[in-house]
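Visitor:
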Amino acid sequence: MTDYKEMWKGLGLDLETHDAVLDIVGKTYQDVFLSQNNRPKGMEYFDFVMSEIHGLRIKELLDAKQEGRKVIGTFCVFVPEEIVLAANAVCVGLCAGAELGFELAEQYVPRNTCSLIKSAFGFKLAKVCPYIESTDMIVGENTCDGKKKAYESYKDIVGNLYVMDIPQTKSQAGRNLLKAEFVKFAAAVEELTGNKLTVENLKKGIEIVNNKRNAILRLVKLRAHNPVPISGLDVLLANQVYFYDNPERFTASVNAICDELEQRIANKVGVFNEGTPRILISGCPMAIPNWKIPHIIETSGATIVSEEMCTGERGTQNLTNVNGNTIDELIDNIVDRYMKIDCAIFTPNQSRLDHIKEMAKKYKADGVINYSLQFCQPYSHESMTFGKELESEGIPVLNLETDYSQEDVGQLKTRIEAFIERIKK
Amino acid sequence: MIKAGVDIGSRTIKVVLHDGQRKIHSEVRENTFNTLEVCKSMLESLNYDSITATGYGRHLFADRYNATTISEIKAFAIGINSCYPNVRTILDIGGQDTKAITIDEKGNVKRFEMNDKCAAGTGRFLEIMAMALRYEIDEFGEKATHAKEAAKVNSMCTVFAESEVISQIANGANRENIARGIHESIVKRSIMLLNRVGIDGDIAFVGGVAKNSAMLSLLEKNLKRNIHVPDNPQIIGALGCAIV
Numbered sequence: 000m001t002d003y004k005e006m007w008k009g010l011g012l013d014l015e016t017h018d019a020v021l022d023i024v025g026k027t028y029q030d031v032f033l034s035q036n037n038r039p040k041g042m043e044y045f046d047f048v049m050s051e052i053h054g055l056r057i058k059e060l061l062d063a064k065q066e067g068r069k070v071i072g073t074f075c076v077f078v079p080e081e082i083v084l085a086a087n088a089v090c091v092g093l094c095a096g097a098e099l100g101f102e103l104a105e106q107y108v109p110r111n112t113c114s115l116i117k118s119a120f121g122f123k124l125a126k127v128c129p130y131i132e133s134t135d136m137i138v139g140e141n142t143c144d145g146k147k148k149a150y151e152s153y154k155d156i157v158g159n160l161y162v163m164d165i166p167q168t169k170s171q172a173g174r175n176l177l178k179a180e181f182v183k184f185a186a187a188v189e190e191l192t193g194n195k196l197t198v199e200n201l202k203k204g205i206e207i208v209n210n211k212r213n214a215i216l217r218l219v220k221l222r223a224h225n226p227v228p229i230s231g232l233d234v235l236l237a238n239q240v241y242f243y244d245n246p247e248r249f250t251a252s253v254n255a256i257c258d259e260l261e262q263r264i265a266n267k268v269g270v271f272n273e274g275t276p277r278i279l280i281s282g283c284p285m286a287i288p289n290w291k292i293p294h295i296i297e298t299s300g301a302t303i304v305s306e307e308m309c310t311g312e313r314g315t316q317n318l319t320n321v322n323g324n325t326i327d328e329l330i331d332n333i334v335d336r337y338m339k340i341d342c343a344i345f346t347p348n349q350s351r352l353d354h355i356k357e358m359a360k361k362y363k364a365d366g367v368i369n370y371s372l373q374f375c376q377p378y379s380h381e382s383m384t385f386g387k388e389l390e391s392e393g394i395p396v397l398n399l400e401t402d403y404s405q406e407d408v409g410q411l412k413t414r415i416e417a418f419i420e421r422i423k424k
Numbered sequence: 000m001i002k003a004g005v006d007i008g009s010r011t012i013k014v015v016l017h018d019g020q021r022k023i024h025s026e027v028r029e030n031t032f033n034t035l036e037v038c039k040s041m042l043e044s045l046n047y048d049s050i051t052a053t054g055y056g057r058h059l060f061a062d063r064y065n066a067t068t069i070s071e072i073k074a075f076a077i078g079i080n081s082c083y084p085n086v087r088t089i090l091d092i093g094g095q096d097t098k099a100i101t102i103d104e105k106g107n108v109k110r111f112e113m114n115d116k117c118a119a120g121t122g123r124f125l126e127i128m129a130m131a132l133r134y135e136i137d138e139f140g141e142k143a144t145h146a147k148e149a150a151k152v153n154s155m156c157t158v159f160a161e162s163e164v165i166s167q168i169a170n171g172a173n174r175e176n177i178a179r180g181i182h183e184s185i186v187k188r189s190i191m192l193l194n195r196v197g198i199d200g201d202i203a204f205v206g207g208v209a210k211n212s213a214m215l216s217l218l219e220k221n222l223k224r225n226i227h228v229p230d231n232p233q234i235i236g237a238l239g240c241a242i243v
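So the protein sequences, as listed, match chains V and Z.
Throughout the first sequence, residue numbering follows numbering that gives the first Met the number 0, covering 0 to 424 in sequence.
Throughout the second sequence, residue numbering follows numbering that gives the first Met the number 0, covering 0 to 243 in sequence.
1) On the CB-based measure, 16 or more other CB atoms within 10 Å of its CB, does Leu14 of chain V come out buried or exposed?
2) Report the option in Z:Asn170, Z:Phe111, Z:Met41 whose CA atom is closest to the CA atom of Ala3 of chain Z.
3) Could you tell me the alpha carbon to alpha carbon distance between Ile296 of chain V and Phe120 of chain V, rounded to whole angstroms?
4) Which residue from Z:Val15, Z:Lys187, Z:Gln233, Z:Glu161 puts its Cα closest to that of Ala44 of chain Z?
5) When you compare the stretch 25-36 of chain Z with the stretch 300-309 of chain V, are there three or more beta-carbon pairs, one atom per stretch, that lie closer than 8 Å?
6) Taking 8 Å as the threshold (beta carbon to beta carbon), is Gln376 of chain V in contact with chain Z?
7) Among the candidates V:Pro39, V:Leu84, V:Ala88, whose CA atom is the shortest distance from the CA of Asp62 of chain V?
8) Using the Cβ count rule (16 or more neighbours within 10 Å means buried), how would you classify Pro377 of chain V?
9) Does the beta-carbon of Thr121 of chain Z have 16 or more other beta-carbons within 10 angstroms, so that it is buried, or is it exposed?
10) Give me the Cα-Cα distance between Leu33 of chain V and Ile79 of chain Z, rounded to the nearest whole angstrom.
11) Looking at Ile235 of chain Z: is its Cβ nearer than 8 Å to the Cβ of Val86 of chain Z?
12) Which class does Cys90 of chain V belong to by DSSP, given the choice of helix, strand or coil?
13) In the stretch 111-136 of chain Z, which residues sit with their C-beta less than 8 Å from some C-beta in chain V, listed in chain order?
14) Expressed to the nearest angstrom, what Euclidean distance is found between the alpha-carbon atoms of Ile177 of chain Z and Gly140 of chain Z?
15) What number of angstroms, rounded off, separates the C-alpha of His224 of chain V from the C-alpha of Ala241 of chain Z?
16) Could you tell me which chain V residues have their CB closer than 8 Å to the CB of Val108 of chain Z, listed as they occur along the chain?
17) For chain V, check one thing: does any of its Cβ atoms lie closer than 8 Å to the Cβ of Glu104 of chain Z?
18) At 7 Å on the CB atoms, spell out the chain Z contacts of Gln410 of chain V, in chain order.
19) In this structure, how does DSSP classify His294 of chain V when only helix, strand and coil are distinguished?
20) For Ala149 of chain Z, name the three-state secondary structure that DSSP assigns.
21) Would you say the stretch 329-336 of chain V touches the stretch 349-363 of chain V, given that touching needs at least three Cβ pairs under 8 Å?
22) Going by DSSP, what residue range makes up the beta strand (DSSP E) through Val384 of chain V?
23) Closer than 7 Å between beta carbons: that is the criterion. Which residues of the stretch 29-41 of chain Z meet it against chain V?
24) Starting from Ile89 of chain Z and walking both ways along the beta strand (DSSP E), at which residues does that stretch end?
25) Closer than 8 Å, Cβ to Cβ, to anything on chain V: give me those residues from the stretch 69-92 of chain Z, in chain order.
26) Taking C-beta to C-beta, are Leu124 of chain V and Ile156 of chain V nearer than 8 Å?
27) Leaving out the 5 sequence neighbours to the left and right, which residues in its chain are closer than 8 Å to Thr11 of chain Z when beta-carbon positions are compared?
28) Cα separation between Ile23 of chain Z and Glu112 of chain Z?
29) Answer with yes or no whether the minimum CB distance from Arg414 of chain V to chain Z is below 8 Å.
30) Per DSSP, what kind of secondary structure is Thr401 of chain V in: helix, strand or coil?
31) Relative to the alpha-carbon of Ile131 of chain V, which residue among V:Ser114, V:Ala149, V:Tyr153 has its alpha-carbon at the smallest distance?
32) Rounded to whole angstroms, what is the Cα-Cα separation between Ile368 of chain V and Leu279 of chain V?
33) Given 8 Å as the limit, is there contact between the stretch 239-259 of chain V and the stretch 33-53 of chain V, that is, 3 or more CB pairs closer than that?
34) Find the residues of chain Z that neighbour Asp407 of chain V, judging by a C-beta separation of less than 8 Å, and give them in chain order.
35) Using the beta-carbon count (16 or more within 10 Å), is His145 of chain Z buried or exposed?
36) Taking the straight line between their C-alpha atoms, what separation do you get for Phe75 of chain Z and Val5 of chain Z?
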């Protein structure tokens, strides 16, 4: 086991707290993931990634910086990874899924702020995130009210924040705004990296991200089968690691898992029995190491066969069209692809409801769980409106609202068990 | 075939035996910090062929005994369906939580909403308020019924409501009026919960708090309809376990 203490010290981490965090995450990973039955052998890649979560990958980022490359941190699937890669920078998602440093965070944001936003502050202020400390630029995006206002304070504590504005409607005006913001962002990335965007490097960037998307989309499609060949927890983990792993290595590892799963499907091998209730989970993203709800679901007699969330198909569906002869054309293609993201910050957001229905059918879901974080107005609202409509179409729905604490595990388990009793055939 | 049902709640443990035709035994006992000890003493003299548990302590129980578990939502659904086949909406107010459940004619759960994150509106709230008003819990409902008007209690939090009640009494407020105000605020919250699942068909009121006559009459008055309350509303969850 490599000793990364010097590396972490060099990044300014609070070693004692950081050690405690790694301990807890490690133990939780054992309890939640390694206790599962019949995992695909290919998941050993992700076991390795998790064992090196603040180690090897960070070393790779720092090595990249030594070579003159820049590291750009993101908090949202709206950030055009294609442009980051085209400029030969490294793109890492910074969203965190643990309740850490919240007392510190509450000195900057109101108590009634969602856990996702609080943890961005918490992880920075508690000095436990080597990813945040390795970035040359952090991109914040004006999506929901919570984030918009939070970034006003966040910029003071990180010093390298670039805020991108995001439209609220899927209109021509909205598209024009996103295009203008992407063009502005591209210029900022060029300045940061010293690399000019070209048709060639943009196409390369698009190709890398499309390959990554194709790999994960290939993986999720295989879960339409019964019995399901891989657990929801394992696929969620892959979706979470998607955000910060080396893209080419991630793509290859996920494709290897897919090869293995195709064999399993041919041999009718599953991780759960054929009659296990199948659940589609939809809503707010679940950032690493947030595994609370999937763990409860998959230890209560059901399995998750699909995720409609940013850490799932909402974030990865749709490829960017790689055909184009000019930078402007390619950026247009990128804008077109990102305008299709159906986050609840958009109004109206019919395409998300349509997508949920389509996914429920495609993955043969017995029920839908709408998951929202406490204080998240956009997703809590859509849980209500979409939930009613899904029920009226005969699709059983359970709406859950929670945060990052472990306080409500008992209450969640009761509701999830009752829902599973309802949808069991 | 005798089936046993155990409902391990926050305040009380309920045990029911059912022989396939009818309930042949039931008991309610206060829970202590040693839940399994209480369960043991309630079960050791009983004969049964199988046992199912529900309530917040169900997994703890099932690990020790060879029991199956069901959620308390399903338990109440089945329990009530066996008593009142026409009931389609259930309001359960227990020691520390409140549930609203809609069911179909077979007792299958359709929708449910729970308040289990806050003691406001639960049996515990009533206990604390009764103490603050120096009433026994058994006479609390009766006192509330005697009141001609309700004195409003503004705080939702059990702890702050208790302080508010004490200061109201110190200022000479009528205890019966406060009792009524407290009952009315719980009824209001319960109706909000019922509206979230959608009141449908006949309603049943269960759980320990259903023994409170003031709660029942205020609910019927506000909902403008009759509400079924089984003879022993507290054991319905355990009954459902013994039938499932």
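Glycine included, every Cβ here is placed at the ideal spot set by N, Cα and C.
Guide: The answer reads as follows:
1) Reading the first sequence from its first residue, position 15 is the one you call residue 14 of chain V. By the neighbour-count rule (16 or more Cβ atoms within 10 Å), Leu14 of chain V is not buried but exposed.
2) Translated into the one-based positions of the second sequence, residue 3 of chain Z becomes position 4. If we check each option's Cα against that of Ala3 of chain Z, Z:Met41 comes out closest.
3) Mapped onto the first sequence, residue 296 of chain V falls at position 297. Mapped onto the first sequence, residue 120 of chain V falls at position 121. If I take the Cα positions, the gap works out to 29 Å.
4) As a first step, residue 44 of chain Z is located in the second sequence; it is residue number 45 there, counting from the start. What sits at residue 44 of chain Z in the sequence shown is Ser, not Ala. The shortest C-alpha separation from Ser44 of chain Z is found at Z:Val15.
5) No: fewer than three Cβ pairs fall under 8 Å.
6) Here residue 376 of chain V corresponds to residue number 377 of the first sequence, with the count starting at 1. For Gln376 of chain V, the answer is no, since every Cβ of chain Z falls outside 8 Å of its Cβ.
7) To locate residue 62 of chain V, count along the first sequence from 1; it is residue 63. Residue V:Ala88 holds the alpha-carbon nearest to the alpha-carbon of Asp62 of chain V among V:Pro39, V:Leu84, V:Ala88.
8) Position 378 of the first sequence, counted from the first residue, corresponds to residue 377 of chain V. Flag for Pro377 of chain V reads buried.
9) Position 122 of the second sequence, counted from the first residue, corresponds to residue 121 of chain Z. Thr121 of chain Z is buried by the Cβ-count criterion.
10) Taking the first residue of the first sequence as 1, we reach residue 33 of chain V at position 34. Taking the first residue of the second sequence as 1, we reach residue 79 of chain Z at position 80. Using only the alpha carbons, I get a separation of about 41 Å.
11) On the second sequence, position 236 is the one that residue 235 of chain Z refers to. On the second sequence, position 87 is the one that residue 86 of chain Z refers to. In this structure, Val86 of chain Z does not lie closer than 8 Å to Ile235 of chain Z by Cβ.
12) The residue labelled residue 90 of chain V in the question sits at position 91 within the first sequence. Here Cys90 of chain V sits in strand by DSSP.
13) Only those residues of the stretch 111-136 of chain Z whose C-beta falls short of 8 Å from the nearest C-beta of chain V are listed: Phe111, Met113, Asp115, Lys116.
14) Here residue 177 of chain Z corresponds to residue number 178 of the second sequence, with the count starting at 1. Here residue 140 of chain Z corresponds to residue number 141 of the second sequence, with the count starting at 1. One C-alpha to the other measures close to 12 Å.
15) Locating residue 224 of chain V in the first sequence gives position 225, where the first residue counts as 1. Locating residue 241 of chain Z in the second sequence gives position 242, where the first residue counts as 1. Computed Cα separation, rounded: 37 Å.
16) Translated into positions along the second sequence, residue 108 of chain Z becomes position 109. Ala417, Glu420, Arg421, listed in chain order.
17) The residue labelled residue 104 of chain Z in the question sits at position 105 within the second sequence. No - not a single Cβ of chain V is within 8 Å of the one on Glu104 of chain Z.
18) As a working mapping, residue 410 of chain V is identified with position 411 in the first sequence. Those are Asp115, Lys116, listed as they occur along chain Z.
19) Walking along the first sequence from the start, residue 294 of chain V turns up at place 295. Three-state DSSP puts His294 of chain V in a helix.
20) If you number the second sequence from 1, residue 149 of chain Z lands on position 150. Reduced to three states, the DSSP call for Ala149 of chain Z is coil.
21) no
22) For the purposes of this step, residue 384 of chain V is identified with residue 385 of the first sequence, where counting begins at 1. Checking the displayed sequence, the identity of residue 384 of chain V turns out to be Thr instead of Val. Thr384 of chain V -> not in any beta strand (DSSP E); alpha helix (DSSP H) instead, spanning 376-391.
23) none
24) For the purposes of this step, residue 89 of chain Z is taken as residue 90 along the second sequence, with counting starting at 1. Taken as a continuous stretch (DSSP letters only), the beta strand (DSSP E) holding Ile89 of chain Z covers 86-92.
25) Ile69, Ser70, Glu71, Ile72, Lys73
26) The sequence position of residue 124 of chain V within the first sequence is 125, counting from 1. The sequence position of residue 156 of chain V within the first sequence is 157, counting from 1. For Leu124 of chain V and Ile156 of chain V, yes; Cβs fall inside 8 Å.
27) The count along the second sequence starts at 1 and reaches residue 11 of chain Z at position 12. Excluding positions up to five away in sequence, the list reads Val27, Arg28, Glu29, Asn30, Gly94, Gly207, Gln233.
28) Along the second sequence, read from residue 1 onward, the residue named residue 23 of chain Z stands at position 24. Along the second sequence, read from residue 1 onward, the residue named residue 112 of chain Z stands at position 113. Using only the alpha carbons, I get a separation of about 31 Å.
29) Here the question's residue 414 of chain V lines up with position 415 in the first sequence. Arg414 of chain V counts as touching chain Z.
30) Working through the first sequence from its first residue, we reach residue 401 of chain V at position 402. It is a strand residue.
31) For the purposes of this step, residue 131 of chain V is identified with residue 132 of the first sequence, where counting begins at 1. Among V:Ser114, V:Ala149, V:Tyr153, the Cα nearest to that of Ile131 of chain V belongs to V:Tyr153.
32) Position 369 of the first sequence, counted from the start, is the residue given in the question as residue 368 of chain V. Position 280 of the first sequence, counted from the start, is the residue given in the question as residue 279 of chain V. In a straight line, the C-alpha of Ile368 of chain V is about 6 Å away from that of Leu279 of chain V.
33) yes
34) The residue you call residue 407 of chain V lines up with position 408 of the first sequence. What Asp407 of chain V touches in chain Z: Lys116.
35) Here residue 145 of chain Z refers to the residue found at position 146 when the second sequence is read from its first residue. Exposed, by the Cβ-count rule.
36) By one-based count along the second sequence, residue 75 of chain Z stands at place 76. By one-based count along the second sequence, residue 5 of chain Z stands at place 6. Taking the straight line from one Cα to the other gives about 12 Å.
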